[in-house]
Amino acid sequence: MVAINDKKKTGGRLVAMGCTYEPWIALLEQAGWKTQCCYDLRTADAILEEYSPCVCIVDLSNNDFSLNSISQRANKTKQVKWIAIIKKEQLKIDSICQFINNFCVDFFSTPIPSSQLLDTAGHQLGMLEIKSTSLSDVSLQCEIGLYGESKSIKHLRDMVKRVAMTDVNVLLTGEQGVGKELIANTIHNLSKRRNDDITVINCSSLTDDDQRIHFLNPLYNDNSNNTITNGTVLLNGIEELSKLLQLKLLNYLQQPENEKLNEQGVFDVRVITSSSIDLEQAVKNNTFNKELYYRLNVFHVVVPTLRERGADIILLAEYYLQQFSKEYNTLAMHYSEEAKQLLLRYNWPGNVRELINQVKRVSLLNDSNEVNLEHFDLPKKTNLKQSLRTIKDEAEKDVLVTMLEAHKGQVASAAKDLGVSRATMYRLLNKHNIIPDVRYYNGGFATE
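With full-length UniProt numbering applied, the sequence shown covers 1 to 448.
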């Protein structure tokens, strides 16, 4: 099989499909390439998947393979550069030309010009390295926070791909536990600042004189090693900033780039913020600075909840199970069908963070290779019925409030519109602790 490339060497990995050991292969190996000749398509898939990114040279000159089978494999591989070897007369065959046009970066006709092949393979290796640091396949580069195939996570990947290489301010919002810090790390790792640090600051722990936020004030001078002058800063829970720190942050964001200076040089810090609340509502409640909100909300990324991600729940659960089995040297490797159904039914109020904790628990408690229902500390079917009852009660309460508002707090007319007696209406109001003395008055609400 193809040997894994040592990153300290200059060579790459190459798979030669259908090729005998020829002089050009020896030349590649002398140049530092790790090569493997593969003659069986049944093993080719595993080799290409395990060792990509790589260059694959496929010999079509002897018609040893089904061209359709090769095309299917070439279509599936995103981190493989394909080069074809053919006979000159095969250029008259439409299917050969179509394969080269659709999937190959180059082709050579026999006899093989070894030095030219070496140059081409080396250039394609360089292209793969460029691709590995670009955003062309963000799903392969990203943190686990972007792992999955649901519509919502694909949209999130697209948003991250669009904003990562810019310097605009990013506001991440979403419920607690959805992975906002993971997304911030992904944006940083895919940005031009990837070689600098990302500093995470929890705003709830900050005081007005906290030196961790000195970068907000360009006039601040600190000769210690803790000075933040570049990279990325993630302000977690931005709504927790005091009014004074909100003004400091606003002052920093308002200043021209050439004025963000101190004695040590330019402050070149990208600010990413996150929040688990509705900041727009906080602005309306006068608990968050309106101008600061609009400064931060240049590019708004909503991180979806776990319950919105459908089958991604199973993908994530399987991923973490594999990780924890290696970390803790446990036996659990897969889930029973009943366990998978439980994972899909559960509402996951704690989102990805709760899922990680559950998977860690079952990994530690399980003495077999299969995870079953009893290993989870989650509501089973009886509790699921309770959840459905809760949903029904909430819907019922919403209808009652809506009808009361429509009838300006008049219980009798609201009951008539709902088709229930006044006694039933009062029983329902008592059940949901609704006080029917709020009514419209001159276009607004008034309480008697």
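Yeah, the Cβ is synthetic: ideal placement off N, Cα and C, and Gly gets one too.
| Item | Value |
| --- | --- |
| Taking 9 Å as the cut-off, decide whether the C-beta atoms of N202 and N169 are in contact. | no |
| Identify the continuous beta strand (DSSP E) that holds M17 and give its terminal residues. | 13-17 |
| According to the Cβ coordinates, are L292 and L253 closer than 9 Å? | yes |
| Tell me which residues share the same chain as C97 and place their Cβ nearer than 8 Å to its Cβ, disregarding the 5 neighbours each side in the sequence. | L91 |
| Run the CB neighbour count on I313, radius 10 Å, all protein chains shown included, and call it buried at 16 or more, exposed below. | buried |
| Please report how far the alpha carbon of D377 lies from the alpha carbon of I277, in whole angstroms. | 28 Å |
| What residue range is occupied by the uninterrupted beta strand (DSSP E) comprising K34? | 34-38 |
| Quick check on the burial criterion: 16 or more other C-beta atoms within 10 angstroms. Buried or exposed for S52? | buried |
| Could you check what DSSP says for E396 in three-state terms: helix, strand or coil? | helix |
| Classify D137 as helix, strand or coil using the three-state DSSP reduction. | Low local confidence applies: a pLDDT of 45 at D137 is under 50, so the model's placement there is unreliable, and no value is given. |
| Do the stretch 331-350 and the stretch 285-303 meet, that is, are 3 or more Cβ pairs less than 8 Å apart? | no |
| Quick one: complete beta strand (DSSP E) runs, 3+ long, within the stretch 224-255? | 230-236 |
| In its own chain, which residues sit with a C-beta less than 6 Å from the C-beta of K290, not counting the 5 before and 5 after it? | V283 |
| Given a threshold of 16 other Cβ atoms within 10 Å of its Cβ, counted over all protein chains shown, does H155 qualify as buried or as exposed? | exposed |
| Can you check which of these residues, V352, L306, D398, G174, is closest to residue 454 by C-alpha distance? | One cannot answer for residue 454 here, as it falls past the ends of the chain, which runs 1 to 448. |
| If I follow the unbroken beta strand (DSSP E) through residue 449, where does it start and stop? | Summary: the structure shown does not reach residue 449, with the chain confined to residues 1 through 448, and so no result is reported for it. |
| Which of the three DSSP states, helix, strand or coil, is assigned to R353? | helix |
| Once the 5 residues before and after W24 are set aside, which same chain residues still bring their CB inside 7 Å of it? | I112, S114, L117 |
| Work out the CA separation of T305 and E240 for me, nearest whole Å. | 22 Å |
| In angstroms with no decimal places, state the Cα-to-Cα distance between V359 and K88. | 57 Å |
| Measuring CA to CA, which of C54, L365, W348 is closest to L125? | C54 |
| Taking 8 Å as the threshold, find out whether the stretch 152-167 comes into contact with the stretch 189-209 through three or more Cβ pairs. | yes |
| With A415 and L373 assumed to form a contact (beta carbons below 8 Å), what rounded beta-carbon distance in angstroms separates them? | Between L373 and A415 the Cβ distance is about 45 Å, and since that is not below 8 Å, they are no contact. |
| Within this structure, are the beta carbons of C37 and A44 separated by less than 9 Å? | no |
| Hey, would you say L245 sits closer than 9 Å to D208, going by beta carbons? | yes |
| To the nearest angstrom, report how far apart D268 and T232 are at their CA atoms. | 9 Å |
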